[in-house]
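K.L.:
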Amino acid sequence: MTDSGTSESQETITAHNHRHPKQEQEPASEEVTEVAPDVIRTQLPVNLPGLGHVNCYVIEDKHGIAVVDPGLPGDDSWKALSNRLKTAGYTVDNIHTVIVTHSHFDHFGGAERIRSETGAKILTHRNFRKAFNRSEVEENEDSDALDPNSEEAQQAVIERIFSERLPWGTKRTKPAPEEIERFRKMGRFNSSWFKTPEPNVEVEDNEIIELGGREWLSVHTPGHTNDHLCLWDPVNGIMFSGDHVLPSITPHIGGITPESDPLAKFFGSLERMTDFENVMIALPAHGHPFTNLKERSIEIIDHHQERLQTIRDASHQLIEGTVTDYMRVLFSERAWGDMAESETYAHLEHLKESGDLTRASNNGIFTYTNTD
Numbered sequence: 063m064t065d066s067g068t069s070e071s072q073e074t075i076t077a078h079n080h081r082h083p084k085q086e087q088e089p090a091s092e093e094v095t096e097v098a099p100d101v102i103r104t105q106l107p108v109n110l111p112g113l114g115h116v117n118c119y120v121i122e123d124k125h126g127i128a129v130v131d132p133g134l135p136g137d138d139s140w141k142a143l144s145n146r147l148k149t150a151g152y153t154v155d156n157i158h159t160v161i162v163t164h165s166h167f168d169h170f171g172g173a174e175r176i177r178s179e180t181g182a183k184i185l186t187h188r189n190f191r192k193a194f195n196r197s198e199v200e201e202n203e204d205s206d207a208l209d210p211n212s213e214e215a216q217q218a219v220i221e222r223i224f225s226e227r228l229p230w231g232t233k234r235t236k237p238a239p240e241e242i243e244r245f246r247k248m249g250r251f252n253s254s255w256f257k258t259p260e261p262n263v264e265v266e267d268n269e270i271i272e273l274g275g276r277e278w279l280s281v282h283t284p285g286h287t288n289d290h291l292c293l294w295d296p297v298n299g300i301m302f303s304g305d306h307v308l309p310s311i312t313p314h315i316g317g318i319t320p321e322s323d324p325l326a327k328f329f330g331s332l333e334r335m336t337d338f339e340n341v342m343i344a345l346p347a348h349g350h351p352f353t354n355l356k357e358r359s360i361e362i363i364d365h366h367q368e369r370l371q372t373i374r375d376a377s378h379q380l381i382e383g384t385v386t387d388y389m390r391v392l393f394s395e396r397a398w399g400d401m402a403e404s405e406t407y408a409h410l411e412h413l414k415e416s417g418d419l420t421r422a423s424n425n426g427i428f429t430y431t432n433t434d
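Read in order, the letters of the sequence shown are residues 63 to 434 in my numbering.
Right under this line is the structure:
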C-alpha cells in the first residue's frame, strides 16, 4: 500500500478451495447471496490494482441491517450498494450500523454517506486512522481556500504525492499522464476520496458486539493495517476476515506506516487465526467465501517466510543492496514500482529487527547488509 491507496499483493498463492487463481480481481457481481445464517454477500465495484470488487456483507436482525465494508466513495459504488440492497429486500434507510474492517478507502468510503442519510452508527477498531493524510497536502500547498474538487486543488495533491520521498529514500514513481487522468476522473485526488469517517463505536480486541441477534467477538489483526478488525461468531463458526486473510492473493504488507515491523504483527495475527476452532466459513473482503482459514493462514505465513529467505540469499550477492535492488529480486518486472518497493521495505525492516541485516543510509537512500 502507498498512503494514497490500497491494493493486494500481485503474487498468487494457490488456496485449496477456490475456482480461479485470482478471484479477487473478478468484477463485481450483481448477485445477492446468503452465505451464512442471516448474512448476505453483495459485491461493489472497485477499480484498483489487483482488485475488481469489495464484498459488502449485510447482517440481518429485527432492527434492520448492519453492513460490513460499504465500498468506495462516489456515485458508482453508492448506486451499486442501493441496487444490491433493493434486490435483498432492503433500502439504505434500513442500515443501523456500519462496520469498517480497516482504514482503506475501498472499505470505509461509503460509511459517512450512510450515516448522514440514516444516522447509522459506524464501528471500527480503536486504532482506526487515515490511510492518507490529506490535511498535510492542504497545509503545505496552502490550498485551504480552494474547492477540494477543483482541478487546481487536485493538481496540488498530485504534485505533493509524487514529489515527496518515501521512507527508504527514493521518490514515488509518477504514473503515465493517462493513468493520472483516469485517477482524477475516479475522484482519487479529491478530498472525498480520502476523508475517513469518525467512528461512533470504537472497540478493543476481544469485545462482544451484538449484531444480527447474536454475539460477535472483535478480533484485532494488525499487519495489513494496524487497525484491522475481524469479527468472529463462535456459535455459527463465521469469521469476517476482511483483508487479513484472502482466498487467493495476499494482502499488501507495506513499510509506509508509523508502526515498526508490520510484518511481525502480520505473522502474529495469522498465527492467531490458526487457533480458532470450528471455523465453518471465512468471509473475506475480496474473493469468495472459503472454509480453510487455518490452512490458508499457514500458506500465507509460508509465502512470506519464503520471501524473507530469498532476501537472505540475495544479501550475500548484493552486499549493500537498496530497497529497489531487493525489490527486483522479489518481484517480476511487471510488478516493479512503489507498491513492490513498499512491501520489500517491510521485509527488509523485519530482517533488520531480527538481526539478519543491518541498515545504513547513503545520502538518504537506505542500504542493507548481511550480518554474517
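Ideal Cβ placement from N, Cα and C applies to all residues, glycine included.
1. Between the beta-carbon of N268 and the beta-carbon of T319, is there less than 8 Å?
2. G274 and I121: beta carbons closer than 8 Å?
3. Can you name the start and end residues of the beta strand (DSSP E) that Q105 belongs to?
4. DSSP three-state label for N298, please.
5. Please report how far the alpha carbon of P351 lies from the alpha carbon of L279, in whole angstroms.
6. Any beta carbon from chain D within less than 8 Å of E226's own beta carbon?
7. So T384 packs on I315, CB below 8 Å; how close in whole Å?
8. Could you tell me whether the Cβ atoms of T283 and R358 are closer together than 8 Å?
9. Kindly indicate which three-state DSSP category R276 falls into: helix, strand or coil?
10. Just the C-alpha distance for V341 and T95, rounded to the nearest angstrom, thanks.
11. Compute the beta-carbon to beta-carbon distance between T235 and G112, rounded to the nearest angstrom, for a pair I have assumed lies under 8 Å.
12. Less than 8 Å between the CB atoms is what I'm expecting for H412 and D323, so what's the real figure, rounded?
13. Measure the alpha-carbon distance for S404 versus I373 and round it to whole angstroms.
14. In chain order, which continuous runs of the alpha helix (DSSP H) of length 4 or greater are located wholly inside the region 311–339?
15. My output table needs one value for H169: the three-state DSSP class, helix, strand or coil.
16. By the three-class DSSP mapping on this structure, what secondary structure does D206 have?
17. Taking DSSP as the reference, what is the three-state secondary structure of D123?
18. Please report the straight-line C-alpha distance between I270 and K124, rounded to a whole angstrom.
19. With respect to the alpha helix (DSSP H) encompassing L419, which residues constitute its N-terminal and C-terminal limits?
20. Where does the unbroken beta strand (DSSP E) through V97 begin, and where does it stop?
21. Using beta-carbon positions only, say whether A90 and P132 come within less than 8 Å of one another.
22. Shortest alpha-carbon distance to E134 belongs to which of A128, I127 and A142?
P.N.:
Based on what the coordinates show:
1. Your numbering for residue 268 matches position 206 in the sequence shown. Your numbering for residue 319 matches position 257 in the sequence shown. Their beta carbons are not under 8 Å apart, which means N268 does not touch T319 by this criterion.
2. As a position in the sequence shown, residue 274 is number 212, starting the count at 1. As a position in the sequence shown, residue 121 is number 59, starting the count at 1. For G274 and I121, yes; Cβs fall inside 8 Å.
3. In the sequence shown, residue 105 corresponds to position 43, counting from 1. Element bounds for Q105: V101 to L110.
4. Mapped onto the sequence shown, residue 298 falls at position 236. Note: N298 maps to coil in three-state DSSP.
5. Residue numbering aside, residue 351 sits at position 289 when the sequence shown is read from its first letter. Residue numbering aside, residue 279 sits at position 217 when the sequence shown is read from its first letter. Rounded to whole angstroms, P351 to L279 spans 19 Å at the Cα level.
6. Any reference to chain D falls outside this structure, which holds one protein chain only.
7. Counted from its first residue, the sequence shown places residue 384 at position 322. Counted from its first residue, the sequence shown places residue 315 at position 253. In fact, because the Cβ distance is near 19 Å, the residues do not count as touching under 8 Å.
8. On the sequence shown, residue 283 is found 221 positions in, with the first residue counted as 1. On the sequence shown, residue 358 is found 296 positions in, with the first residue counted as 1. Not closer than 8 Å, so no.
9. The sequence position of residue 276 within the sequence shown is 214, counting from 1. It is a strand residue.
10. Working through the sequence shown from its first residue, we reach residue 341 at position 279. Working through the sequence shown from its first residue, we reach residue 95 at position 33. Spanning the two alpha carbons is a distance of roughly 20 Å.
11. Translated into positions along the sequence shown, residue 235 becomes position 173. Translated into positions along the sequence shown, residue 112 becomes position 50. The Cβ separation is near 16 Å, so there is no contact.
12. Mapped onto the sequence shown, residue 412 falls at position 350. Mapped onto the sequence shown, residue 323 falls at position 261. About 6 Å; that satisfies the 8 Å criterion.
13. For the purposes of this step, residue 404 is identified with residue 342 of the sequence shown, where counting begins at 1. For the purposes of this step, residue 373 is identified with residue 311 of the sequence shown, where counting begins at 1. Roughly 14 Å between the two C-alpha positions.
14. 324–335
15. Locating residue 169 in the sequence shown gives position 107, where the first residue counts as 1. Of the three classes helix, strand and coil, the one that applies to H169 here is helix, per DSSP.
16. Working through the sequence shown from its first residue, we reach residue 206 at position 144. Unreliable positioning characterises D206 in this predicted model, as indicated by a pLDDT of 47, which lies under 50. The coordinate reading is nonetheless provided below. Coil at D206, not helix or strand.
17. By 1-based counting over the sequence shown, the position of residue 123 is 61. Three-state result, D123: strand.
18. Reading the sequence shown from its first residue, position 208 is the one you call residue 270. Reading the sequence shown from its first residue, position 62 is the one you call residue 124. Cα to Cα, I270 sits roughly 19 Å from K124.
19. Start at 1 with the first residue of the sequence shown, and residue 419 comes out as number 357. No alpha helix (DSSP H) holds L419; the beta strand (DSSP E) holding it covers L419 to N424.
20. One-based indexing of the sequence shown puts residue 97 at position 35. Its beta strand (DSSP E) spans residues T95 to A98.
21. Position 28 of the sequence shown, counted from the start, is the residue given in the question as residue 90. Position 70 of the sequence shown, counted from the start, is the residue given in the question as residue 132. Cβ distance not < 8 Å, so A90 and P132 don't count as in contact.
22. Reading the sequence shown from its first residue, position 72 is the one you call residue 134. Note on identity: in this sequence residue 134 is Leu, with Glu being the wrong assignment. Cα-wise, what sits closest to L134 is A142.
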